[in-house]
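Take a look at the structure set out below.
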Amino acid sequence: MTPKQRIHVAGHRGLVGSAIVRALEARGYGDLLLRTHAELDLTDQRAVRAFFAAEQPEVVVLAAAKVGGILANWERPFEFGYENLAIELNVIEAAFRAGVRRLLFLGSSCIYPKLAPQPLKEEYLLTGPLEETNRPYALAKIAGIELCRSLNREYETDYLSIMPTNLYGPNDNFDLRTSHVLPAMIRKFHEATLGLPDEQGRPRAPQAPVTLWGSGRPRRELMHVDDLAAAVVFLLEHAHAAGIPDGLINVGTGEDLTIRELAAMVQRVVGHQGEIVWDESKPDGTPRKLMDVSRLRGLGWRPRISLQEGIRMTYAWYRKHTAAGTAARP
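According to the working numbering, numbering within the sequence shown proceeds without interruption in unit steps and concludes at 335.
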C-alpha cells in the first residue's frame with residue numbers, strides 16, 4: 006500500500022464506509038474513488054463493470070450493503086438477501102475482471118451459526134444453522150466470503166474478508182424500524198427523556214418509560230466504527246489473504262455485555278431517569294455473539310475506544326446531526 010494508490014471505497018456514505026474514508030485520509034491516502042448510489046448503482050452489473058473499466062482502481066474496499074436490525078431483516082428478507090448478493094457479485098466480479106489484486110470485503114458476525122461455541126472463531130463458519138431472523142443477509146455475506154476465497158485459491162488474488170462485530174458511531178441509522186440495537190436505544194431514551202410523542206404518536210411526559218424488545222438477556226459485543234476503520238487500514242497495510250486461513254478474519258473487541266447492561270449504560274449517558282420495560286413477546290435474536298479476535302491480535306492490532314466513551318461520542322453526534330436529536334433539546 007502506498008498513498009498514491011487508487012482506492013475505491015464502495016458505500017462511502019454509510020456508517021462503515023464513511024469511517025473508512027476518514028481513516029484512509031488521515032493516513033495520507035488521497036486518491037479515493039467515491040460514488041454515491043445516484044452516481045453508481047452497485048446492483049446494476051453493467052454500470053459496475055463500466056465504472057471499473059473506466060476508473061481502474063488498484064484497491065477496493067467493499068463496505069456497501071443493505072443493513073438493518075431484527076425488525077427490518079424479518080419484514081424484508083428477500084430485499085436483504087437479493088440486494089446484498091447483487092452488490093457482492095457485481096463488485097467482486099468487476100474488480101477481478103478489471104485486474105484488481107487487492108480487495109477487502111466487509112461481512113458481519115451474523116455469518117456464524119446461531120448456537121456456535123463462544124467466542125466465535127473463524128473456523129465455525131458453516132458448522133450449524135443460522136439465526137432465522139437474519140438468515141438471508143447472513144447467507145449473502147457468506148456468499149461474498151466464498152467468492153473471495155475462491156478467487157484467491159484459483160487466481161491467487163489478495164481478497165481479504167473481514168467480519169466485524171456489532172458497530173455503532175457517526176452516520177449510524179437511528180430509524181426505529183430499521184436500526185440496530187444501540188442507535189435505537191439512544192433515540193428511544195432521548196425522546197423519552199424529553200417527553201416527545203412515542204412511536205404511535207401518543208403524548209408522553211418527560212422521563213417517560215422506555216419499552217425495549219426481548220428479555221434483555223442476550224449478550225452483545227459492540228465496537229465503535231472508528232476502531233473498525235482503523236483495523237481496516239491496518240489490515241490493508243499489514244495483512245494478506247495468503248497468510249490468513251480462508252482469507253477470513255474477525256474484527257471486534259473480544260468483550261461483551263447483556264442487552265440489559267447496555268440499556269443501563271445508554272440510559273445513564275442520555276440522562277433518562279424513567280422505567281425500562283422489557284417486551285418479552287418480541288424476539289431476542291441470537292443468544293450471544295462474541296468474536297474471537299485471536300487472529301487480529303496476533304497481527305498486533307487492538308481497539309482504543311471504550312464502550313462508554315463511544316456511546317457518549319455517538320450520542321453527542323446524534324444530538325448535533327440528526328433532526329430527531331436536535332428537536333427540543335433539554
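Glycine included, C-beta positions come from ideal geometry on N, C-alpha and C.
What is the DSSP secondary structure of W79, counted as helix, strand or coil?
-> For this step, residue 79 is matched to residue 74 along the sequence shown. Three-state result, W79: helix.
Would you grab the beta carbon distance between T331 and F179 for me? Rounded to a whole angstrom, and I think it's under 8 angstroms.
-> Looking up residue 331 in the sequence shown gives position 326. Looking up residue 179 in the sequence shown gives position 174. Actually they do not touch by this definition, with Cβ atoms about 12 angstroms apart.
Determine the DSSP secondary structure at R154, reduced to helix, strand or coil.
-> On the sequence shown, residue 154 is found 149 positions in, with the first residue counted as 1. Correct three-state label for R154: helix.
Please report the residue range of the beta strand (DSSP E) in which A246 lies.
-> Residue mapping note: residue 246 aligns to position 241 of the sequence shown, counting from 1. It is not in any beta strand (DSSP E) - A246 carries neither H nor E in the DSSP assignment.
Own chain, CB closer than 7 angstroms to W118, minus 5 neighbours either side, in chain order | In the sequence shown, the residue the question calls residue 118 occupies position 113. One detail in the question is off: residue 118 reads as Pro in this sequence, not Trp. Answer for P118: Y129, T132, G133, P134, L135, listed in chain order.
Residue interval of the beta strand (DSSP E) (run including L295) | As a first step, residue 295 is located in the sequence shown; it is residue number 290 there, counting from the start. Note, L295: premise wrong, no beta strand (DSSP E); not H, not E.
Alpha carbon to alpha carbon, how far is V96 from A197? Give it in angstroms, no decimals.
-> Residue mapping note: residue 197 aligns to position 192 of the sequence shown, counting from 1. Residue mapping note: residue 96 aligns to position 91 of the sequence shown, counting from 1. In a straight line, the C-alpha of A197 is about 42 angstroms away from that of V96.
Answer with buried or exposed for E161, where buried requires no fewer than 16 other C-beta atoms within 10 angstroms of its C-beta.
-> One-based indexing of the sequence shown puts residue 161 at position 156. It counts as exposed.
Residue environment, K294, which counts as buried when at least 16 other CB atoms sit within 10 Å = Here residue 294 corresponds to residue number 289 of the sequence shown, with the count starting at 1. With 16 or more other Cβ atoms within 10 Å, it is buried.
Neighbourhood of H229 by C-beta distance below 6 angstroms, restricted to the same chain and skipping five residues each side = Counting from one through the sequence shown, the residue named residue 229 turns up at place 224. Cβ within range, chain order: G174, I310, G315.
Hey, quick one: how far does the alpha helix (DSSP H) through W218 stretch, first residue to last?
-> Position 213 of the sequence shown, counting from 1, holds the residue named residue 218. Note, W218: premise wrong, no alpha helix (DSSP H); beta strand (DSSP E) at 215-218.
Check whether the Cβ atoms of I116 and A143 sit closer than 8 angstroms, and answer yes or no.
-> Residue mapping note: residue 116 aligns to position 111 of the sequence shown, counting from 1. Residue mapping note: residue 143 aligns to position 138 of the sequence shown, counting from 1. Result yes, Cβ atoms of I116 and A143 sit closer than 8 angstroms.
With 16 other Cβ atoms within 10 Å as the buried cut-off, status of P62 = Reading the sequence shown from its first residue, position 57 is the one you call residue 62. P62 comes out buried.
Give the DSSP-derived three-state secondary structure of P169 in the structure shown.
-> As a first step, residue 169 must be located in the sequence shown, where it is residue number 164. P169: strand per DSSP, three-state reduction.
Per DSSP, the bridge partner or partners of N255 | Sequence index remark: in the sequence shown, residue 255 carries index 250 (1-based). DSSP output for N255 lists M168 as bridge partner(s).
Just reading off the alpha helix (DSSP H) that V21 is part of, what are its end residues?
-> As a first step, residue 21 must be located in the sequence shown, where it is residue number 16. Unbroken alpha helix (DSSP H) run through V21: 20-31.
Can you round the beta-carbon distance between L111 and A68 to whole angstroms, since I take them to be within the 8 angstroms contact cut?
-> Numbered from its first residue, the sequence shown carries residue 111 at position 106. Numbered from its first residue, the sequence shown carries residue 68 at position 63. The Cβ separation is near 5 angstroms, so the contact holds.
Using DSSP with H/G/I as helix, E/B as strand and the rest coil, what is P335?
-> Numbered from its first residue, the sequence shown carries residue 335 at position 330. The pLDDT assigned to P335 is 46, lower than 50, so where the model puts this residue is not dependable; a value taken from the coordinates is nonetheless given after this. Residue state, collapsed to three classes: coil.
Counting pairs of Cβ atoms below 8 angstroms between the segment 162-169 and the segment 251-259, do you hit three or more?
-> yes
Under three-state DSSP, which class holds N89?
-> If you number the sequence shown from 1, residue 89 lands on position 84. Helix.
For A28 and A235, the rounded distance between their alpha carbons | On the sequence shown, position 230 is the one that residue 235 refers to. On the sequence shown, position 23 is the one that residue 28 refers to. Using only the alpha carbons, I get a separation of about 6 angstroms.
Between the beta-carbon of I75 and the beta-carbon of P288, is there less than 8 angstroms?
-> Against the sequence shown, residue 75 aligns to sequence position 70. Against the sequence shown, residue 288 aligns to sequence position 283. Against a cut-off of 8 angstroms, the Cβ pair of P288 and I75 comes out as a contact.
Do three or more CB pairs link the segment 47-61 to the segment 98-108 at distances below 8 angstroms?
-> yes
Per-residue burial, E319 [other beta carbons within 10 Å of its own, 16 or more giving buried] = Position 314 of the sequence shown, counted from the start, is the residue given in the question as residue 319. Per the sequence presented here, residue 319 reads as Thr, with Glu not at that position. The residue is buried, with at least 16 neighbouring Cβ atoms inside 10 Å.
How do the segment 189-196 and the segment 231-249 stand: do at least 3 beta-carbon pairs fall below 8 angstroms, yes or no?
-> no
Verify the contact flag: I167, CB atom, against every heavy atom of the ligand ATP, threshold strictly below 7 angstroms.
-> Of the ligands one can find in the structure shown there are none, so the ligand ATP has no counterpart to examine.
When DSSP builds the beta bridges, which residues end up paired with M228?
-> The count along the sequence shown starts at 1 and reaches residue 228 at position 223. BP columns for M228 point to L172.
Considering only C-alpha positions, which residue in the set A59, P141, L90 is nearest to G104?
-> The residue labelled residue 104 in the question sits at position 99 within the sequence shown. Selected option, being the one with the closest Cα: A59.
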